[in-house]
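**Student:** Take a look at this one; I'll ask things after.
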Amino acid sequence: MNLHAIKAIYVYEMKRFFRTILESLLSPVISTTLYFVVFGAAIGSRIEEVEGVSYGAFIVPGLIMLSVMTQAISNASFGIYFPKFIGTIFELLSAPINFFEIVLGYVGAAATKSLLIGGVILITAGFFVDLDIQHPVMMLVFLVMICVSFALFGFIIGIWSENFQQLQLIPLLVITPLVFLGGAFYSVSMLPEGWQTVTLFNPVVYLISGFRWSFFGVADVGVGLSLAAIGIFFTLCLGVVWWIFKTGYRIKS
Amino acid sequence: MRAIVTVDRLSKTYKDGFRALRDVSLDIEEGEILALLGPNGAGKTTLISALCGITTPSAGQARVGGHDIVTGYRAARAMIGLVPQEIALEPFEKVINTVQFSRGLFGKSRDDALVERVLRQLSLWDKRNNRIRELSGGMKRRVLIAKALCHEPRVLFLDEPTAGVDVELRRDMWEVVRGLKESGVTIILTTHYLEEAEAMADRIAVINRGEILLVENKADLMRRMGRKTLQIDLVQPVEAVPDTLAQYALELAHDGHALLYHYDTSGERTGITRLLQALADEGLNLRDIETRQSSLEEIFVGLVREDAA
Numbered sequence: 001m002n003l004h005a006i007k008a009i010y011v012y013e014m015k016r017f018f019r020t021i022l023e024s025l026l027s028p029v030i031s032t033t034l035y036f037v038v039f040g041a042a043i044g045s046r047i048e049e050v051e052g053v054s055y056g057a058f059i060v061p062g063l064i065m066l067s068v069m070t071q072a073i074s075n076a077s078f079g080i081y082f083p084k085f086i087g088t089i090f091e092l093l094s095a096p097i098n099f100f101e102i103v104l105g106y107v108g109a110a111a112t113k114s115l116l117i118g119g120v121i122l123i124t125a126g127f128f129v130d131l132d133i134q135h136p137v138m139m140l141v142f143l144v145m146i147c148v149s150f151a152l153f154g155f156i157i158g159i160w161s162e163n164f165q166q167l168q169l170i171p172l173l174v175i176t177p178l179v180f181l182g183g184a185f186y187s188v189s190m191l192p193e194g195w196q197t198v199t200l201f202n203p204v205v206y207l208i209s210g211f212r213w214s215f216f217g218v219a220d221v222g223v224g225l226s227l228a229a230i231g232i233f234f235t236l237c238l239g240v241v242w243w244i245f246k247t248g249y250r251i252k253s
Numbered sequence: 001m002r003a004i005v006t007v008d009r010l011s012k013t014y015k016d017g018f019r020a021l022r023d024v025s026l027d028i029e030e031g032e033i034l035a036l037l038g039p040n041g042a043g044k045t046t047l048i049s050a051l052c053g054i055t056t057p058s059a060g061q062a063r064v065g066g067h068d069i070v071t072g073y074r075a076a077r078a079m080i081g082l083v084p085q086e087i088a089l090e091p092f093e094k095v096i097n098t099v100q101f102s103r104g105l106f107g108k109s110r111d112d113a114l115v116e117r118v119l120r121q122l123s124l125w126d127k128r129n130n131r132i133r134e135l136s137g138g139m140k141r142r143v144l145i146a147k148a149l150c151h152e153p154r155v156l157f158l159d160e161p162t163a164g165v166d167v168e169l170r171r172d173m174w175e176v177v178r179g180l181k182e183s184g185v186t187i188i189l190t191t192h193y194l195e196e197a198e199a200m201a202d203r204i205a206v207i208n209r210g211e212i213l214l215v216e217n218k219a220d221l222m223r224r225m226g227r228k229t230l231q232i233d234l235v236q237p238v239e240a241v242p243d244t245l246a247q248y249a250l251e252l253a254h255d256g257h258a259l260l261y262h263y264d265t266s267g268e269r270t271g272i273t274r275l276l277q278a279l280a281d282e283g284l285n286l287r288d289i290e291t292r293q294s295s296l297e298e299i300f301v302g303l304v305r306e307d308a309a
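Protein sequences appear in the order of chains F and B.
Counting from 1, one number per residue, gives the positions in the first sequence under the UniProt record's numbering.
Counting from 1, one number per residue, gives the positions in the second sequence under the UniProt record's numbering.
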């Protein structure tokens, strides 16, 4: 295994992140604060508790998920799209590395960045609400799995995209609506019965539910089901990435 | 000398049916500078891309240092440095970071002394902390070369390395390339400047429409295919070439002030002595005579035209 290459890609990508550290971290902190002001204070004050948890605390896992998923996707997709866009992809293709090493470098860096952002949001949330994480290890497992899986998904989007508009398309049109409708700000049990069934077709519901369970011990769906969902999503993404490098889809003629 | 790159019946056909390479076979000897010449779209970049792993060949095989480019791609690619035609660099990155990145990508551990040596060799050391976007076009080309060299390749592909570079910098580049050759690096150079190939290459390969037309030692090629021209300046201009000199196929030049005689240096007899005698017999007084060797450019244009015909 070309460990030097993995390290080179990882360090290079992380340096890019730290070059714009203020913008990278400030933006999620500000948006989280705004969510707390709007949902936590303004609206949340009228909702007493959801499943035994104060509304302000209840939305924390969903807020973290929202940022972590979008950041993992945007970092990984930009990471691989940018070399394609400016032409430096030739170097990756001509280097003595395989697809797995390239993915480890790019996805590892994107997942680390989103993990850091998730941590910052968690700390920010701590200023607004009292958080008592019931299953910290499982919380970390969910967080890492989601960061890695969505970074893989972002990597696929970056390879698929042929312009900057396409790069934004899926995060904006698919991910954000799925997270908003996936129980980030409410419990599935709060929905009318028919919609409860419909919402179960949204894969993000399982992720948010599992993540929220690690905080408060309450979940919309079983924890095992949540873990299976993230496992399936991770495997699917890995399979697609493997196929991309096998066929050279949109990167190699 | 042994071949460090061997290409055996390599072909590349794109999805739209375009055949960019047709059964290309070529041996590149260790330590030489091979100039790969061809018009636009001839297949030069496709050949380089196939050897470097950027394009997947449709058929055929190639080896670098004995390693197959597909089954032994790691070992093969580790020996190759590539300077692409297009300037492709991340504009916001510092020179030194991008060079160190390339070294890591090729599986080499960090070596600050080596990176410094490469950057100094390319007159980039003073610019090491500059962002790429702050550099001139010529400097960016040097950065590309530094990136290609920092993992100590034994084979270096230079795809149009001096395109868009001013004359002075081009000559500097030639010095760099000569220095690399002296250090034992095998260099494959594609260029549109035939003067460049003429000045630097040991061997010339001409490719057109995806096929190798010839591979030959430069000196042999120029001797074999090169023609010389004898220009005879006359004291008194003539209106036409006298009929008695018809057998020499002379051309009238400079409004009748000069006659041009084309001859083949590879022939046993050039006919110059007989021509000069005939001119004297005709009573023509000579002011001056000079000879001119046809350039590689003329040879190349002739070959490509012949192939197109």
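Ideal Cβ positions, reconstructed from N, Cα and C, are used throughout, including at glycine.
Remember, predicted model here, so these are calculated numbers, not experimental data.
Taking V64 of chain B as part of the beta strand (DSSP E), name the residues at either end of that continuous run.
**Tutor:** As a first step, residue 64 of chain B must be located in the second sequence, where it is residue number 64. Residues A59 to V64.
**Student:** Could you give the DSSP three-state label for G81 of chain B: helix, strand or coil?
**Tutor:** To locate residue 81 of chain B, count along the second sequence from 1; it is residue 81. Three-state result, G81 of chain B: strand.
**Student:** If contact means a Cβ-Cβ distance below 9 Å, which residues of the stretch 70-99 of chain F contact chain B?
**Tutor:** Here the close residues are F82, P83, I86, G87, T88, I89, F90, E91, L92, L93, S94, A95, P96, I97 and N98.
**Student:** If you reduce the DSSP assignment to three classes, tell me which class I33 of chain B lands in.
**Tutor:** Along the second sequence, read from residue 1 onward, the residue named residue 33 of chain B stands at position 33. Correct three-state label for I33 of chain B: strand.
**Student:** Within the 9 Å Cβ cut-off, does R103 of chain B reach chain F?
**Tutor:** Position 103 of the second sequence, counted from the first residue, corresponds to residue 103 of chain B. Yes, R103 of chain B lies at the interface with chain F (some Cβ there is under 9 Å from its Cβ).
**Student:** Is it buried or exposed for E168 of chain B, if we count other Cβ within 10 angstroms and need 16 for buried?
**Tutor:** As a first step, residue 168 of chain B is located in the second sequence; it is residue number 168 there, counting from the start. Label assigned to E168 of chain B: exposed.
**Student:** Taking 8 Å as the cut-off, is the beta-carbon of M139 of chain B closer than that to any non-hydrogen atom of the ligand ZN?
**Tutor:** In the structure shown, the ligand ZN is absent, as is every other ligand, since no ligand is present at all.
**Student:** Can you tell me whether T191 of chain B is helix, strand or coil according to DSSP?
**Tutor:** By one-based count along the second sequence, residue 191 of chain B stands at place 191. Three-state DSSP puts T191 of chain B in coil, outside helix and strand.
**Student:** Report the three-state DSSP secondary structure of D281 of chain B (helix, strand or coil).
**Tutor:** Stepping through the second sequence from its first residue, residue 281 of chain B is reached at position 281. Looking at D281 of chain B - three-state DSSP - the assignment turns out to be helix.
**Student:** Can you give me the C-alpha to C-alpha distance between E32 of chain B and K108 of chain B, rounded to a whole angstrom?
**Tutor:** For this step, residue 32 of chain B is matched to residue 32 along the second sequence. For this step, residue 108 of chain B is matched to residue 108 along the second sequence. The straight-line gap from Cα to Cα measures roughly 25 Å.
**Student:** Work out the CA separation of G40 of chain F and S114 of chain F for me, nearest whole Å.
**Tutor:** What you label residue 114 of chain F is simply residue 114 of the first sequence in a count that begins at 1. What you label residue 40 of chain F is simply residue 40 of the first sequence in a count that begins at 1. Straight-line Cα distance between these residues: approximately 23 Å.
**Student:** Can you pull the chain B neighbours of N2 of chain F, defined as C-beta to C-beta under 7 Å?
**Tutor:** By one-based count along the first sequence, residue 2 of chain F stands at place 2. Simply G107.
**Student:** Nearest by alpha-carbon distance to I69 of chain B: which of B:A88, B:N208, B:A205 and B:L10 is it?
**Tutor:** Sequence index remark: in the second sequence, residue 69 of chain B carries index 69 (1-based). Cα-wise, what sits closest to I69 of chain B is B:L10.
**Student:** For I80 of chain B and chain F, any beta-carbon pair shorter than 9 Å?
**Tutor:** Locating residue 80 of chain B in the second sequence gives position 80, counting from the first residue. Cβ-Cβ to chain F under 9 Å: yes for I80 of chain B.
**Student:** Report the neighbours of K15 of chain F on chain B: residues whose CB is nearer than 8 Å to its CB, in chain order.
**Tutor:** On the first sequence, position 15 is the one that residue 15 of chain F refers to. The answer, in chain order, is N97.
**Student:** Per DSSP, what kind of secondary structure is E211 of chain B in: helix, strand or coil?
**Tutor:** Position 211 of the second sequence, counted from the start, is the residue given in the question as residue 211 of chain B. Three-state DSSP puts E211 of chain B in a strand.
**Student:** Could you check what DSSP says for V155 of chain B in three-state terms: helix, strand or coil?
**Tutor:** On the second sequence, residue 155 of chain B is found 155 positions in, with the first residue counted as 1. DSSP places V155 of chain B in strand when its eight states are reduced to three.
**Student:** Tell me the DSSP secondary structure of V53 of chain F in three-state form.
**Tutor:** Residue 53 of chain F sits at position 53 when you count from the first residue of the first sequence. In the structure shown, V53 of chain F sits in a strand (DSSP, three-state: E or B).
**Student:** Based on the DSSP output, what are the partners of V7 of chain B in its beta bridges?
**Tutor:** Counting from one through the second sequence, the residue named residue 7 of chain B turns up at place 7. According to DSSP, which records beta bridges pairwise, V7 of chain B is partnered with B:L26 and B:A62.
**Student:** Listing by chain order, which chain F residues have their CB less than 7 Å from the CB of R77 of chain B?
**Tutor:** Counting from 1 along the second sequence, the entry for residue 77 of chain B is found at position 77. Neighbours of R77 of chain B on chain F, chain order: S94, A95 and P96.
**Student:** Would you check if the stretch 39-48 of chain B and the stretch 221-238 of chain B touch, i.e. whether three or more CB-CB distances between them fall below 8 Å?
**Tutor:** Not touching, per the Cβ criterion.
**Student:** Going along chain F, which residues have a C-beta under 9 Å from I54 of chain B?
**Tutor:** Taking the first residue of the second sequence as 1, we reach residue 54 of chain B at position 54. The answer, in chain order, is I89, F90, L93, S94, K252 and S253.
**Student:** Could you tell me the alpha carbon to alpha carbon distance between residue 337 of chain B and V241 of chain B, rounded to whole angstroms?
**Tutor:** Lying before the first or after the last residue shown, residue 337 of chain B is absent from chain B, which here runs from 1 to 309.
**Student:** Do the CB positions of L250 of chain B and L260 of chain B come within less than 9 Å of each other?
**Tutor:** As a first step, residue 250 of chain B is located in the second sequence; it is residue number 250 there, counting from the start. As a first step, residue 260 of chain B is located in the second sequence; it is residue number 260 there, counting from the start. Against a cut-off of 9 Å, the Cβ pair of L260 of chain B and L250 of chain B comes out as a contact.
**Student:** With the cut-off set at 9 Å, would you say F106 of chain B and R77 of chain B are in Cβ contact?
**Tutor:** By 1-based counting over the second sequence, the position of residue 106 of chain B is 106. By 1-based counting over the second sequence, the position of residue 77 of chain B is 77. Yes; because the gap between Cβ atoms is below 9 Å, this pair is in contact.
**Student:** With a threshold of 9 Å between beta carbons, is Y106 of chain F in contact with chain B?
**Tutor:** Counting from one through the first sequence, the residue named residue 106 of chain F turns up at place 106. Judged by the 9 Å Cβ criterion, Y106 of chain F is not in contact with chain B.
**Student:** Taking the alpha carbon of T98 of chain B as the reference point, which residue from F:K15, F:G248, F:I123 and F:W242 has its own alpha carbon closest?
**Tutor:** For this step, residue 98 of chain B is matched to residue 98 along the second sequence. Ranking the options by Cα distance to T98 of chain B, first place goes to F:K15.
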